[in-house]
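Protein chains in written order, with the working numbering: chain H, 6 to 356; chain L, 368 to 703.
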């Protein structure tokens with residue numbers, strides 16, 4: 006076997022189980038570096054705010070040996086928020102990576118093709134119709150069902166002897182416009198307090214996140230990112246195009262449905278908790294692809310880490326830069342995402 | 368492609384019938400609403416004003432509202448028709464091209480951060496925003512490796528719209544006091560505008576509509592494709608630039624006046640082409656007429672759909688337009 010290829014991979018074998026992985030060195034290095042950055046931002050962010058703590062003090066708090074007052078602020082206010090930002094970022098990034106893989110278009114993301122819009126309508130209608138009537142814990146469920154329903158409708162409308170990626174995107178964009186209108190209708194008609202509440206949520210914010218929300222989000226993100234990993238081979242095949250994928254024995258349409266489902270659940274979960282945080286699903290996969298190449302085995306974990314890092318950083322800036330104003334995190338992801346999007350379009354010209 | 372009406376005579380008759388329907392819609396818009404008034408009262412308000420509530424409502428609310436819906440509908444539809452001809456993209460329209468989002472963003476910024484309130488300043492800011500939004504989408508849609516493609520422009524439009532609306536929302540969340548009022552404007556509305564507001568943008572709209580008619584013939588040539596037009600001796604750059612200016616005039620003043628009203632610009636030109644074929648000397652006047660009728664009807668609908676409250680008109684057009692958009696997307700790109 007070619008020595009170079011062998012050198013590029015690290016093999017992980019487990020003695021007790023019949024399991025082994027080949028991990029590309031590059032992917033391993035990048036993943037470790039990103040994980041370290043995530044940890045660093047985590048500690049930094051936990052220390053920043055009205056009460057400033059040094060990283061060392063944060064570590065004391067985390068290990069349970071910090072001061073009482075510091076502990077309270079960090080564990081009840083800051084940590085849940087940071088965790089939510091992390092999970093939301095990872096979920097949106099993986100969701101976007103899968104979408105870009107199956108639609109084979111580098112410019113799509115859950116917010117552009119209407120999945121976020123579906124979740125938004127459902128969540129805002131929850132605020133409008135059931136605020137104070139039903140437990141707020143049911144809001145994620147609503148958002149979820151909304152995202153799934155809309156994805157189903159868009160998918161069926163795009164069906165015409167199979168679903169072509171282009172039709173899926175265009176119909177998704179048309180739908181997200183219509184859904185924006187419905188959302189606005191409910192906001193305009195709802196009483197003042199509910200209106201501003203819904204509006205802030207719509208921009209995407211992790212303000213006042215609680216441990217409850219962390220634990221609501223966690224299982225969905227963990228389970229479905231794992232599912233995405235297990236299904237990774239199919240994305241790689243899909244990227245070759247429908248004809249080649251079919252001739253390789255892949256059942257293109259069925260895989261597309263499964264992958265779309267994973268993508269919808271991840272985006273829906275993120276939107277349910279944090280609102281419509283835009284552009285993360287678009288740019289995180291690109292950064293990942295740039296770092297480790299297009300093969301999904303390495304791309305997915307790197308996307309997840311990149312997405313987590315982006316939202317954590319955006320939230321850190323959003324809550325500290327203009328203190329005491331707490332700006333919705335979605336504004337900052339858009340501020341970073343849009344120039345990046347322009348760069349992407351520009352770069353494709355030079356290739 | 369020939370339209371439903373083949374001969375010139377039938378097209379002229381169509382225009383006349385359309386104008387009659389338009390007048391009927393204007394009357395309906397003046398008469399129907401939460402406060403019931405009659406035809407007679409509407410006329411008496413002008414001929415024999417008696418200061419009653421009904422007469423006041425007709426003079427200060429209903430008539431301005433009907434005229435604004437008419438002007439905005441015609442402007443947006445013509446802007447959409449020119450965009451579709453220019454880009455040869457069946458989905459092109461002011462809101463897809465980021466014009467609405469750009470103008471909205473700049474106006475919200477200037478209202479909240481620079482505390483500009485006079486409409487005359489509004490308009491220039493609206494034009495500026497419209498031009499920036501449209502330019503951004505057009506440039507983004509054309510710079511890529513494989514040149515301009517319909518899908519790329521639509522994607523670029525969606526991304527630019529997402530960017531502007533995120534910023535608009537971000538600014539709005541910081542100023543909750545004015546949220547309600549601005550939200551209603553943002554969603555697109557022709558309610559509560561005064562006649563003076565219309566009068567200050569009307570010159571731009573009229574100039575835009577007039578120039579659109581003048582430019583129809585070169586646009587016909589351009590619509591056959593850039594290469595064909597160049598081959599026929601057309602200086603395509605000038606035609607494109609002129610069309611762009613007209614689009615900004617029409618769409619910019621519409622947004623300044625009525626906020627972001629979507630889907631008129633995309634739906635109406637298709638209906639117009641269904642009637643009269645692809646000759647833009649006919650498509651443009653028909654678009655203006657049909658756009659005005661559509662918006663008047665949407666505005667009447669907006670008053671009744673959530674009685675006793677009112678829905679913003681932009682929401683009504685979006686609800687009608689979305690199925691239409693999906694239909695075009697399904698049909699138009701089936702082959703590609």
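Backbone N, C-alpha and C define an ideal beta-carbon position, used for all residues, glycine too.
Worksheet item: Is there a Cβ from chain H that is less than 9 Å from the Cβ of residue 536 (chain L)?
Response: The C-beta of residue 536 (chain L) comes closer than 9 Å to at least one C-beta of chain H.
Worksheet item: Under the rule that 16 or more other beta-carbon atoms within 10 Å means buried, what is residue 177 (chain H), buried or exposed?
Response: Buried: at least 16 other Cβ atoms inside 10 Å.
Discussion item. So residue 412 (chain L) and residue 422 (chain L) are supposed to be a Cβ contact under 8 Å. How far apart are they, rounded?
Written reply: About 4 Å separates the two Cβ atoms, so the contact holds.
Practice prompt. Inspect the CB distances between the stretch 319-329 of chain H and the stretch 464-478 of chain L and report whether three or more fall short of 8 Å.
Written response: With the cut-off at 8 Å, the stretch 319-329 of chain H and the stretch 464-478 of chain L do not touch.
Worksheet item: Nearest to residue 665 (chain L) by alpha carbon, out of L:573, L:391, L:680 and L:673?
Response: Out of L:573, L:391, L:680 and L:673, L:680 has the C-alpha closest to the C-alpha of residue 665 (chain L).
Discussion item. Tell me the residue span of the alpha helix (DSSP H) that contains residue 456 (chain L).
Written reply: It is not in any alpha helix (DSSP H) - residue 456 (chain L) carries neither H nor E in the DSSP assignment.
Item to complete: On a CA-only basis, which of H:185, H:302 and H:333 is nearest residue 117 (chain H)? Give me that one, please.
Response: Between residue 117 (chain H) and the set H:185, H:302 and H:333, the nearest pair of CA atoms involves H:185.
Discussion item. Rounding to the nearest angstrom, what Cα-Cα distance links residue 671 (chain L) and residue 56 (chain H) in this structure?
Written reply: If you take the alpha carbons of residue 671 (chain L) and residue 56 (chain H), they lie about 53 Å apart.
Fill in: Cβ-Cβ separation, residue 99 (chain H) to residue 349 (chain H) (assumed contact under 8 Å), whole Å
Their Cβ separation, rounded to whole angstroms, is 19 Å, which puts residue 349 (chain H) and residue 99 (chain H) out of contact at 8 Å.
Item to complete: Determine the DSSP secondary structure at residue 686 (chain L), reduced to helix, strand or coil.
Response: Three-state DSSP puts residue 686 (chain L) in a helix.
Item to complete: Kindly list, in the order they appear in chain C, the residues whose Cβ is closer than 9 Å to that of residue 180 (chain H).
Response: Going by chain labels, chain C is absent from the structure shown, which instead holds the protein chains H and L.
Worksheet item: Taking three-plus beta-carbon pairs below 8 Å as touching, is the stretch 398-409 of chain L in contact with the stretch 531-542 of chain L?
Response: No, because fewer than three Cβ pairs between the stretch 398-409 of chain L and the stretch 531-542 of chain L fall closer than 8 Å, the two stretches do not touch.
Worksheet item: Who are the Cβ neighbours of residue 51 (chain H) in its own chain at under 8 Å, not counting the five residues just before and after it?
Response: These residues qualify, in order along the chain: 58, 63, 66, 67, 79, 83, 84 and 87.
Discussion item. Determine, for residue 525 (chain L), whether the minimum Cβ-Cβ distance to residues of chain H falls below 9 Å.
Written reply: It does; some Cβ of chain H falls within 9 Å.
Worksheet item: Considering only residues of the same chain and omitting the five flanking positions on each side of residue 188 (chain H), which have a CB-CB separation below 7 Å?
Response: 125, 126, 129 and 207.
Item to complete: Decide if residue 593 (chain L) is buried, meaning its Cβ has at least 16 other Cβ atoms within 10 Å, or exposed.
Response: With fewer than 16 other CB atoms across the displayed protein chains lying within 10 angstroms of its CB, residue 593 (chain L) is exposed.
Practice prompt. For my contact list, residue 180 (chain H) and residue 159 (chain H) are in at a C-beta cut-off of 8 Å; report their separation, rounded to the angstrom.
Written response: Right, the Cβ-Cβ distance comes to about 6 Å (below 8 Å), so this counts as a contact.
Practice prompt. Please check if any C-beta of chain H sits within less than 9 Å of the C-beta of residue 471 (chain L).
Written response: Proximity of residue 471 (chain L) to chain H, defined by a Cβ-Cβ separation below 9 Å, is not satisfied.
Worksheet item: Using a C-beta cutoff of 9 Å, does residue 679 (chain L) count as contacting chain H?
Response: The beta carbon of residue 679 (chain L) sits closer than 9 Å to some beta carbon of chain H.
Worksheet entry | Proximity test, Cβ basis, 9 Å: residue 697 (chain L) and chain H | Residue contact check for residue 697 (chain L) against chain H: a CB pair falls below 9 Å.
Worksheet entry | Contact under 9 Å by Cβ, residue 661 (chain L) with residue 693 (chain L) | Using a Cβ distance threshold of 9 Å, residue 661 (chain L) and residue 693 (chain L) do not count as a contacting pair.
Fill in: Terminal residues of the alpha helix (DSSP H) in which residue 236 (chain H) lies
Counting along the chain, residue 236 (chain H) falls outside any alpha helix (DSSP H), and DSSP gives it neither H nor E.
Practice prompt. Kindly indicate which three-state DSSP category residue 158 (chain H) falls into: helix, strand or coil?
Written response: Residue state for residue 158 (chain H) is assigned as helix, using DSSP reduced to three classes.
Worksheet entry | Test: residue 80 (chain H) CB closer than 9 Å to a CB of chain L | No, no contact with chain L.
Item to complete: Using a Cβ cut-off of 9 Å (strictly closer), state whether residue 518 (chain L) contacts chain H.
Response: Answer yes: the Cβ-Cβ gap between residue 518 (chain L) and chain H drops below 9 Å somewhere.
Item to complete: Could you tell me whether the stretch 69-77 of chain H touches the stretch 29-42 of chain H, using the rule of 3 or more Cβ pairs below 8 Å?
Response: Fewer than three beta-carbon pairs drawn from the stretch 69-77 of chain H and the stretch 29-42 of chain H are found closer than 8 Å, and the two stretches are therefore not classed as touching.
Worksheet item: For residue 283 (chain H), which residues in chain L fall below 7 Å Cβ to Cβ?
Response: By Cβ distance, chain L contributes 529 and 533.
Discussion item. Between the alpha carbons of residue 621 (chain L) and residue 445 (chain L), how many angstroms are there, rounded?
Written reply: Answer to the nearest angstrom: the Cα atoms are 11 Å apart.
Discussion item. When you compare the CB positions of residue 448 (chain L) and residue 579 (chain L), do they come within less than 9 Å of one another, or not?
Written reply: Yes, the pair counts as a contact, with Cβ atoms nearer than the cut-off.
Worksheet item: Using a Cβ-Cβ distance under 9 Å, would residue 521 (chain L) count as near chain H?
Response: Between residue 521 (chain L) and chain H, the shortest Cβ-Cβ separation is below 9 Å.
Fill in: Contact test: residue 419 (chain L) Cβ vs the ligand COA heavy atom, cutoff 8 Å
This structure lacks the ligand COA, and indeed carries no ligand of any kind.
Discussion item. Check whether chain H comes within 9 Å of residue 376 (chain L), counting only Cβ atoms and requiring the distance to be less than that.
Written reply: Taking Cβ atoms only, chain H never reaches closer than 9 Å to residue 376 (chain L), which makes this a no.
Worksheet item: Out of curiosity, what's the CA-to-CA distance linking residue 497 (chain L) and residue 417 (chain L)?
Response: Whole-angstrom Cα-Cα distance: 43 Å.
Practice prompt. Using a Cβ-Cβ cut-off of less than 9 Å, list which residues of the stretch 440-467 of chain L approach chain H; keep chain order.
Written response: Residues passing the 9 Å Cβ filter: 458, 462 and 463.
Practice prompt. Give a yes or no on whether 9 Å exceeds the smallest Cβ distance from residue 123 (chain H) to chain L.
Written response: With its beta carbon at least 9 Å from every one in chain L, residue 123 (chain H) lies outside the interface.
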